[in-house]
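Sequence positions in the sequence shown follow the working numbering and run -13 to 146.
Glycine included, every Cβ here is placed at the ideal spot set by N, Cα and C.
Since this is a predicted model, take the numbers as computed values, not measurements.
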Amino acid sequence: MTDNTPFLLRSQAIEESMQTFSHPWNPKSELSGAYLARTAGLKRTGVNIARVPPGKESFVYHAHYQEEEWIYIISGQGIAEVDGLEVAVSQGDFMAFPTPAVAHHLRNDSDQDLVYLAGGENLDMDVVDFPHLGKRMFRHGDRIDIFDLADAMPFGPLDG
């Protein structure tokens, strides 16, 4: 096996591909991460590694309607907000969010990096709610549309 094998990502290459991200709707969001699955050629499954520094948060509290998601804590500790509850998480903990998912989010309230693997499906379409922000995202293909939930209007009845 050579280092040019497309399905093998060496640890050095992963470290070199780490980029810092933040979510524009959360001023406390900051994480460094790398797309593992995408870089290795997977298209239907996502697996990423993420590192959240002390005092920072992952992205923004959200819930998927279509794409299942999971998180596995590699090292460190933090607080997971899941369905309105705050739960302490640490090394070896695993969280799963089957669809329709409950809202979830991670923050690092410790003095060490919180490192985790996150993964899930890569579907052509997903709907994501951001409960704290009152927003809903529709992603279809390369297009993303964001709506305020306050602007939603009922539609129906569908029978008859």
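Asked: At the level of alpha carbons, what is the spacing between residue 141 and residue 120?; Found: 19 Å
Asked: Helix, strand or coil for residue 137 per DSSP?; Found: helix
Asked: Alpha carbon to alpha carbon, what distance is there between residue 14 and residue 42?; Found: 5 Å
Asked: Flag this pair as yes or no: are the beta carbons of residue 16 and residue 47 separated by less than 9 Å?; Found: no
Asked: Can you give me the C-alpha to C-alpha distance between residue 131 and residue 56, rounded to a whole angstrom?; Found: 24 Å
Asked: Following the continuous alpha helix (DSSP H) through residue 24, name the residue where it begins and the one where it ends.; Found: 22 to 25
Asked: Give a yes or no on whether the C-beta atoms belonging to residue 31 and residue 52 are separated by under 9 Å.; Found: no
Asked: With C-beta atoms as the reference, is residue 40 less than 9 Å away from residue 94?; Found: yes
Asked: Relative to the C-alpha of residue 87, which residue among 70, 102, 74 and 103 is closest?; Found: 70
Asked: CB-CB under 6 Å to residue 92, same chain, minus the five flanking residues each way: which ones, in chain order?; Found: 44, 64 and 66
Asked: Along the chain, where does the alpha helix (DSSP H) that runs through residue -2 open and close?; Found: -3 to 3
Asked: Is DSSP giving residue 69 helix, strand or coil here?; Found: coil
Asked: Drop a sphere of 10 angstroms on the beta-carbon of residue -8, count the other beta-carbons inside from all chains shown, and report buried for 16 or more, exposed for fewer.; Found: exposed
Asked: Report all residues from its chain with a CB closer than 8 Å to the CB of residue -12; omit the five preceding and five following residues, and keep chain order.; Found: Caution is warranted here: a pLDDT of 48 is assigned to residue -12, below 50, making its placement in the model unreliable, and the coordinate value is therefore given only provisionally. Counting only Cβ-Cβ distances below 8 Å, and skipping sequence neighbours, we find nothing.
Asked: So what does DSSP say about residue 97, is it helix, strand or coil?; Found: coil
Asked: Is residue 89 closer than 9 Å to residue 49 when the C-beta atoms are compared?; Found: yes
Asked: Would you kindly check if the distance between the Cβ of residue 97 and the Cβ of residue 37 is under 9 Å?; Found: no
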